[in-house]
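Engineer: I'd like to ask you about the structure that follows.
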Amino acid sequence: MAVADQSIAVPTSKPKTRKTPLSFGRLASYLQSIPLWLILGFFLLLPILLLVFVSFWDYDFARMYPGFVFTNYVETLGSWVTWKTYLNTLKFAAIVWALTLFIGFWVAYFLAFHVRSATMQMVLFLVCTVPFLTSNIIRMISWIPVLGRNGLVNSTLVEMGVISQPIEWLLYSDFAVVLAMVHLFTLFMVTPIFNTLMRIDRSLIEAARDAGASAWQIMWNVILPLAKPGMAIGTIFVVTLVMADFSTVQVMSGGQSASVALMMKNQMSLLQYPAAAANAVVLLVLVLLLVGGILRIVDIRKEL
């Protein structure tokens, strides 16, 4: 007796569901981000847009004239004095970056790997941050009685017989500017590198040591590659701070050196706001290119 096939046919296609254009969860996330976008737009995007608009205005000794002229950019990019000032600023940024990176790395390395107690690490780190409780200008001016012609360094060297007369270039020179900037900005390099080094798995170092690697091989092949995100973040901090600094250059060089920020400050004191805005736009583009180059070399998302 034949048995009838009682199998039930299963539909091959799923019933179509109606897709909503925007789910409630996504809508809630967008609504939660609105305050952040408002703050960024008002305090970051709007000032930059106003800066760009003003950079195309014309001006004279009395007032500004809204318009769309390229005179400010032509004068900025077509002047050898301006190019020399930008090169001088990049020189300061490169020297200060190299010194702060060297000093900051070894300070962070000592705190992370040679101080065993977490309490002592915190105490020493707070000792590094204590000077930053005072104003930058006060810490910068404190170098003047140390480096001056009759200051502590020259007086000590003369009394010891090392030199016969005071050294003139210790103060009001590029050396004084670099020294003050290194003093002011080294902590901005120490902090991100220290945070990166504290995240390194110590078992990786032990494995390299068990494999016969020397201390310098461990440093070069293990620690330095893993510390790159922190070094990149510190580099961004230091470079942007140096590029925007004008008070240190003005005071510590005695007016004998120049930077882009100091040039913009002088232009604003002369009511040349469109010219200062054009220089600010050019400086902003230059800094963004430097930061973009750093981000392409090092992935700082590992640190965030």
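Numbering that gives the first Met the number 0 applies: residue 0 is where the sequence shown begins, and numbers increase by one.
Each residue gets a CB set at the ideal place from its N, CA and C atoms; glycine is no exception.
(1) Could you round the C-beta distance between I192 and A226 to whole angstroms and report it? I think they count as a contact, below 8 Å.
(2) For my contact list, L156 and I162 are in at a C-beta cut-off of 8 Å; report their separation, rounded to the angstrom.
(3) Count the other CB atoms within 10 Å of the CB of L132; is the residue buried (16 or more) or exposed (fewer)?
(4) Given this structure, state the Cα-to-Cα distance separating V152 from V145, to the nearest angstrom.
(5) For D209, which of helix, strand or coil comes out of DSSP?
(6) Tell me whether D59 sits in a helix, a strand or coil according to DSSP, three-state version.
(7) Confirm, please, whether the CB-CB distance from T185 to G229 is below 7 Å.
(8) Give the range of the alpha helix (DSSP H) segment to which E167 is assigned.
(9) Evaluate N87 with the Cβ neighbour count: other Cβ atoms within 10 Å of its Cβ, from every protein chain shown; 16 or more gives buried, anything less gives exposed.
(10) Starting from the C-beta of L110, find all residues in its chain whose C-beta is less than 7 Å away, skip the five residues before and the five after it, and write them out in chain order.
(11) So L304 and N135 are in contact, right, with Cβ under 8 Å, and what is the actual spacing, rounded?
(12) Determine which residues share a DSSP beta bridge with Y64 and list them.
(13) Helix, strand or coil, according to DSSP, for G253 in the structure here?
(14) My understanding is that L100 touches M188, with C-beta atoms under 8 Å, so please give their C-beta distance in whole angstroms.
(15) How about I222 and I299: do their beta carbons lie closer than 7 Å?
(16) Give, in chain order, every unbroken run of the alpha helix (DSSP H) that is at least 4 residues long and sits entirely within the segment 84-136.
(17) Are the beta-carbon atoms belonging to V297 and Y85 less than 7 Å from one another?
(18) Which first and last residues belong to the alpha helix (DSSP H) in which Q266 is found?
(19) Excluding the five sequence neighbours on either side, which residues of its own chain have a C-beta within less than 8 Å of the C-beta of T75, listed in chain order?
(20) Are three or more beta carbon pairs between the segment 246-263 and the segment 197-208 nearer than 8 Å?
(21) Could you check which residue in D57, R62, W79 and S154 has the C-alpha nearest to that of T70?
(22) Pull up the CB-CB distance for A92 and V290, whole angstroms please, since I reckon it's below 8 Å.
(23) Could you tell me the alpha carbon to alpha carbon distance between F42 and I33, rounded to whole angstroms?
(24) Assign L30 to buried or exposed, taking buried as 16 or more other Cβ atoms, counted over all protein chains shown, within 10 Å of its Cβ.
(25) Pick from V237, V51 and M139: whose alpha carbon is nearest that of L320?
(26) Spatial neighbours of W142 within its chain, please: C-beta separation below 6 Å, excluding the five flanking residues on both sides.
(27) I'd like to check one pair, T239 with V286: are the Cβ atoms closer than 7 Å?
(28) Is T234 closer than 7 Å to I137 when the C-beta atoms are compared?
(29) With DSSP run on the structure shown, which of helix, strand or coil describes R198?
(30) Report yes if the C-beta distance between V181 and L98 is below 7 Å; otherwise report no.
Structural biologist: For this structure:
(1) In this structure I192 touches A226 by the C-beta definition: roughly 6 Å separates them, less than 8 Å.
(2) 5 Å
(3) exposed
(4) 6 Å
(5) helix
(6) Looking at D59 - three-state DSSP - the assignment turns out to be coil, as it is neither helix nor strand.
(7) no
(8) Here E167 belongs to no alpha helix (DSSP H), and DSSP marks it neither H nor E.
(9) Buried, since its Cβ has 16 or more Cβ neighbours within 10 Å.
(10) Q120, L123, F124 and F193
(11) Nothing about residue 304 can be read from this structure; the chain reaches only from 0 to 303.
(12) D57
(13) Judged by DSSP in its simplified three-state form, G253 adopts coil rather than helix or strand.
(14) 6 Å
(15) no
(16) 117-128
(17) No; because the gap between Cβ atoms is not below 7 Å, this pair is not in contact.
(18) V259 to S268
(19) T81, A274, A277, N278 and V281
(20) No, they do not touch.
(21) D57
(22) About 12 Å; that fails the 8 Å criterion.
(23) 14 Å
(24) exposed
(25) The displayed coordinates of the chain run from 0 to 303. Any statement about residue 320 would go beyond what the structure contains.
(26) A179
(27) yes
(28) No, these two residues do not count as a Cβ contact at 7 Å.
(29) coil
(30) yes
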